[in-house]
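With positions in the sequence shown counted from 1, the corresponding number in the numbering used here is that position plus 43. Take a look at the structure below.
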Amino acid sequence: MKISKRLKEVKESPTLAITARAKEMRQKGEDVVSFGAGEPDFDTPAPIKSAAIKAIESGFTKYTPSSGIPELKKAVSEKFQRDNGLVYEPGQIIVSCGAKHSLYNIFQVICDEGDEVIIPSPYWVSYIEMVRLAGGVPVIAKTEQKDEFKLKKDRLKEVITDRTVAFVLNSPSNPTGSVYSRSELEGIAEVLINKKVAVISDEIYEKLIYDGERHISFASLGKEAYDLTFVVNGVSKTYAMTGWRIGYLAAPSRELSSAIGRLQDHSTSNPTSFAQKAALEAVKGDQGCVEKMVSEFRTRRDYMVQKVNEIKGISCVNPKGAFYVFCDISGTKMGSFEFAKRLLDEAKVAVIPGEPFGWDTHIRLSFATGIEDIKKGLGRIAEWVKGL
Ligand SMILES: Cc1ncc(COP(=O)(O)O)c(C=O)c1O
Numbered sequence: 044m045k046i047s048k049r050l051k052e053v054k055e056s057p058t059l060a061i062t063a064r065a066k067e068m069r070q071k072g073e074d075v076v077s078f079g080a081g082e083p084d085f086d087t088p089a090p091i092k093s094a095a096i097k098a099i100e101s102g103f104t105k106y107t108p109s110s111g112i113p114e115l116k117k118a119v120s121e122k123f124q125r126d127n128g129l130v131y132e133p134g135q136i137i138v139s140c141g142a143k144h145s146l147y148n149i150f151q152v153i154c155d156e157g158d159e160v161i162i163p164s165p166y167w168v169s170y171i172e173m174v175r176l177a178g179g180v181p182v183i184a185k186t187e188q189k190d191e192f193k194l195k196k197d198r199l200k201e202v203i204t205d206r207t208v209a210f211v212l213n214s215p216s217n218p219t220g221s222v223y224s225r226s227e228l229e230g231i232a233e234v235l236i237n238k239k240v241a242v243i244s245d246e247i248y249e250k251l252i253y254d255g256e257r258h259i260s261f262a263s264l265g266k267e268a269y270d271l272t273f274v275v276n277g278v279s280k281t282y283a284m285t286g287w288r289i290g291y292l293a294a295p296s297r298e299l300s301s302a303i304g305r306l307q308d309h310s311t312s313n314p315t316s317f318a319q320k321a322a323l324e325a326v327k328g329d330q331g332c333v334e335k336m337v338s339e340f341r342t343r344r345d346y347m348v349q350k351v352n353e354i355k356g357i358s359c360v361n362p363k364g365a366f367y368v369f370c371d372i373s374g375t376k377m378g379s380f381e382f383a384k385r386l387l388d389e390a391k392v393a394v395i396p397g398e399p400f401g402w403d404t405h406i407r408l409s410f411a412t413g414i415e416d417i418k419k420g421l422g423r424i425a426e427w428v429k430g431l
């Protein structure tokens with residue numbers, strides 16, 4: 044049977060491919076250390092699990108309104124007000140099956156064939172494929188390492204055209220961990236507002252932030268920014284709930300949220316009923332679990348950054364958020380795929396090549412793995428690089 048042209052062009056996720064290979068090697072009994080994880084290694088906090096169990100036991104197992112249960116939409120709207128100073132009525136909120144689903148929905152709703160979407164590089168790999176699946180054209184705006192991989196206003200001006208419909212912002216970023224400051228966001232906002240370009244602000248790593256940095260939501264910069272912005276967030280990374288598949292978005296108007304709602308009505312319907320109850324507990328409940336996780340991540344990040352920068356031929360910028368270290372491997376004279384493949388084969392350490400993120404001179408290491416594994420894995424990388 045034929046496969047549609049659209050799907051033929053969609054690439055396999057490189058993150059999933061490497062982690063799957065590392066897992067396979069482990070299953071064969073090989074002692075592999077993996078820095079590939081894109082999810083917290085912590086368990087989902089007990090009160091969140093209990094909320095789901097209670098929901099199942101009480102029979103909360105049927106269809107719900109397809110854009111989410113009213114109490115969760117209300118809690119999300121309160122979260123936006125509390126954490127980001129943003130006012131959204133519950134009707135502007137759509138709960139979906141993960142932030143990925145929210146992003147997919149947005150591109151489907153705002154892109155027509157040939158519309159351009161600007162994506163700063165390095166980028167999270169799925170943006171490119173999602174834009175293509177919506178008929179759009181991803182336009183890559185390369186950043187500089189010396190700017191901590193953050194896009195400058197002048198670079199943005201160079202890539203905007205009359206066909207630009209949207210700009211993707213991801214702060215804190217996967218794969219770089221960069222966090223935009225208010226003044227950096229204001230610089231970008233000036234250009235986007237002037238050209239009336241929509242902003243898709245992926246804030247999934249909002250809470251995983253270090254060194255006293257503050258997350259600023261793009262939509263909170265003012266009314267003009269608000270009117271152009273879709274804010275995307277979710278419970279996956281903040282509450283170690285990647286498998287539960289609950290994300291959400293806030294649209295700047297009821298017209299846009301209803302369009303997304305219609306898409307969801309005819310595609311997935313509601314996200315899992317009892318997972319929504321768990322997400323409700325996550326968003327409304329005690330936030331102590333987040334503080335604990337962030338504190339552990341910070342310790343691991345400090346260790347990783349120090350050790351990486353001690354290895355000759357490799358270096359990294361200190362990430363201010365998320366749980367990734369984006370390492371420059373250009374000193375080894377290898378491309379990122381060759382580096383990752385040889386490292387896995389020869390030293391049994393899995394890392395993610397930077398090429399699929401738009402940077403072949405880099406690899407991504409995740410510190411969402413225990414400190415003992417981090418020590419062991421970095422020790423192996425140091426030895427292996429020394430022997431090259
Ligand atoms: C930047 C970014 N956005 C969105 C997602 C997807 O999150 P979710 O698991 O809620 O779909 C990820 C997951 O890796 C991510 O790194």
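Virtual Cβ for every residue (Gly too), placed ideally from N, Cα, C.
State yes or no: is the C-beta of Phe366 within less than 8 angstroms of the C-beta of Phe410? Locating residue 366 in the sequence shown gives position 323, counting from the first residue. Locating residue 410 in the sequence shown gives position 367, counting from the first residue. Going by C-beta atoms, Phe366 is nearer than 8 angstroms to Phe410.
Taking Leu212 as part of the beta strand (DSSP E), name the residues at either end of that continuous run. Here residue 212 refers to the residue found at position 169 of the sequence shown. Taken as a continuous stretch (DSSP letters only), the beta strand (DSSP E) holding Leu212 covers 207 to 213.
With respect to 7 angstroms, is the separation between the Cβ of Ile161 and the closest non-hydrogen atom of ligand 1 below this value? Position 118 of the sequence shown holds residue 161. Flag unset: Cβ of Ile161 not near ligand 1.
Give the DSSP bridge partners of Arg407, in chain order. Reading the sequence shown from its first residue, position 364 is the one you call residue 407. Per DSSP, Phe369, Ile395.
Locate the beta strand (DSSP E) running through Glu159, then write down its first and last residues. Stepping through the sequence shown from its first residue, residue 159 is reached at position 116. Residues 159 to 164.
Looking at C-beta atoms only, is the number of pairs between the segment 277 to 294 and the segment 73 to 88 that lie closer than 8 angstroms three or more? yes
When you measure from the CB of Asn361 to every non-hydrogen atom of ligand 1, does any distance come out below 7 angstroms? Position 318 of the sequence shown, counted from the start, is the residue given in the question as residue 361. No; taking the cut-off as 7 angstroms, the Cβ of Asn361 has no heavy atom of ligand 1 nearer than that.
If contact is defined by three or more beta carbon pairs under 8 angstroms, each pair taking one atom from either stretch, is the segment 159 to 177 in contact with the segment 192 to 210? yes
Secondary structure at Lys429, three-state DSSP: helix, strand or coil? Within the sequence shown, the letter at position 386 stands for residue 429. In the structure shown, Lys429 sits in a helix (DSSP, three-state: H, G or I).
Look up Tyr106 in the DSSP assignment and say whether it is helix, strand or coil. As a first step, residue 106 must be located in the sequence shown, where it is residue number 63. Tyr106 falls in the coil class under three-state DSSP.
When Pro165, Gly397, Val180, Met173 are compared against Asp190, the one with the closest alpha-carbon: Taking the first residue of the sequence shown as 1, we reach residue 190 at position 147. Out of Pro165, Gly397, Val180, Met173, Pro165 has the C-alpha closest to the C-alpha of Asp190.
Assigned exposure category for Lys320 - 16 Cβ within 10 Å defines buried: By 1-based counting over the sequence shown, the position of residue 320 is 277. Answer is buried; the Cβ neighbour count reaches 16.
Would you mind working out which of Ile406, Glu249, Lys327, Ala393 sits nearest Lys363, comparing C-alpha positions? Taking the sequence shown and counting its residues from 1, the one referred to as residue 363 is at position 320. Of the candidates Ile406, Glu249, Lys327, Ala393, the one whose C-alpha sits nearest the C-alpha of Lys363 is Glu249.
Residue nearest to Thr272 in terms of C-alpha spacing, selected from Ala241, Thr107, Gly81, Cys370: Position 229 of the sequence shown holds residue 272. Thr272 has its Cα closest to that of Ala241, out of Ala241, Thr107, Gly81, Cys370.
Going by CA-CA distance only, name the one from Glu298, Gln307, Ser338 that's closest to Leu146. As a working note, residue 146 is residue 103 in the sequence shown. Answer by Cα proximity: Gln307.
Please work out which residues of its chain come closer than 7 angstroms, Cβ to Cβ, to Cys359, disregarding the five sequence neighbours upstream and downstream, and give them in chain order. Taking the first residue of the sequence shown as 1, we reach residue 359 at position 316. Cβ neighbours of Cys359 beyond the five flanking positions: Val348, Val351, Asn352, Val368, Phe369, Cys370, Asp371.
Give the single residue among Arg423, Val428, Leu431 whose Cα lies nearest to the Cα of Asp74. In the sequence shown, the residue the question calls residue 74 occupies position 31. Cα-wise, what sits closest to Asp74 is Arg423.
With a 10 Å radius around its C-beta and 16 neighbouring C-beta atoms as the bar for buried, classify Pro434 as buried or exposed. Residue 434 lies beyond the range of the chain shown here (44 to 431); nothing can be said about it.
Any contact between the segment 123 to 132 and the segment 174 to 192? By contact I mean 3 or more CB pairs, one from each, below 8 angstroms. no
Can you give me the C-alpha to C-alpha distance between Arg407 and Asp416, rounded to a whole angstrom? Working through the sequence shown from its first residue, we reach residue 407 at position 364. Working through the sequence shown from its first residue, we reach residue 416 at position 373. C-alpha separation (whole angstroms): 16 angstroms.
Cβ shell of Gly328 (< 6 angstroms), same chain only, five flanking positions each side left out: As a first step, residue 328 is located in the sequence shown; it is residue number 285 there, counting from the start. Counting only Cβ-Cβ distances below 6 angstroms, and skipping sequence neighbours, we find Pro90.
Alpha carbon to alpha carbon, how far is Lys381 from Gly420? In the sequence shown, the residue the question calls residue 381 occupies position 338. In the sequence shown, the residue the question calls residue 420 occupies position 377. A small fix is needed here, since residue 381 is Glu in this sequence, not Lys. One C-alpha to the other measures close to 18 angstroms.
Starting from the Cα of Thr104, find the closest Cα among Phe210, Lys239, Glu114, Ala318 and give me that residue. On the sequence shown, position 61 is the one that residue 104 refers to. The shortest Cα separation from Thr104 among Phe210, Lys239, Glu114, Ala318 belongs to Ala318.
At 4 residues or longer, and completely inside the segment 53 to 81: list those alpha helix (DSSP H) runs for me, N to C. 57 to 70
Distance between Gln188 and Ser169 (C-alpha atoms, nearest Å): As a position in the sequence shown, residue 169 is number 126, starting the count at 1. As a position in the sequence shown, residue 188 is number 145, starting the count at 1. Those two C-alpha atoms are separated by around 22 angstroms.
Selected residue, minimal CA-CA separation from Pro314, among Cys140, Arg49, Ile46: Position 271 of the sequence shown, counted from the first residue, corresponds to residue 314. Nearest option by C-alpha distance: Cys140.
Where are the beta strand (DSSP E) runs, 3 residues long or more, that stay fully inside the segment 111 to 196, in chain order? 136 to 139, 159 to 164, 180 to 185
Do Ser244 and Ala262 have their C-beta atoms within less than 8 angstroms of each other? Counting from one through the sequence shown, the residue named residue 244 turns up at place 201. Counting from one through the sequence shown, the residue named residue 262 turns up at place 219. Yes, Cβ-Cβ distance for Ser244 and Ala262 is below 8 angstroms.
Distance between beta carbons of Lys193 and Ser221, contact taken as under 8 angstroms: As a working mapping, residue 221 is identified with position 178 in the sequence shown. As a working mapping, residue 193 is identified with position 150 in the sequence shown. Ser221 to Lys193, Cβ: 5 angstroms. Contact.
With a threshold of 7 angstroms, establish whether the CB of Asp245 neighbours any heavy atom of ligand 3. For ligand 3, the structure offers nothing, since it holds only ligand 1.
Let me know the alpha helix (DSSP H) ranges lying completely inside the segment 287 to 330, each 4 residues or longer, listed in chain order. 297 to 308, 316 to 327
Whole-angstrom distance between Glu324 and Ala98, CA atom to CA atom: Looking up residue 98 in the sequence shown gives position 55. Looking up residue 324 in the sequence shown gives position 281. Cα to Cα, the separation comes out at about 11 angstroms.
Euclidean distance between Cα positions of Ile354 and Val333: Locating residue 354 in the sequence shown gives position 311, counting from the first residue. Locating residue 333 in the sequence shown gives position 290, counting from the first residue. Rounded to whole angstroms, Ile354 to Val333 spans 32 angstroms at the Cα level.
Report the partner residues of Ser244 according to the DSSP bridge assignment. Position 201 of the sequence shown, counting from 1, holds the residue named residue 244. Answer by DSSP bridge pairing, in chain order: Leu212, Val274.
Taking DSSP as the reference, what is the three-state secondary structure of Ile91? The residue labelled residue 91 in the question sits at position 48 within the sequence shown. Ile91 falls in the helix class under three-state DSSP.
Give the single residue among Ala95, Lys51, Gln135 whose Cα lies nearest to the Cα of Leu292. The residue you call residue 292 lines up with position 249 of the sequence shown. The shortest C-alpha separation from Leu292 is found at Gln135.
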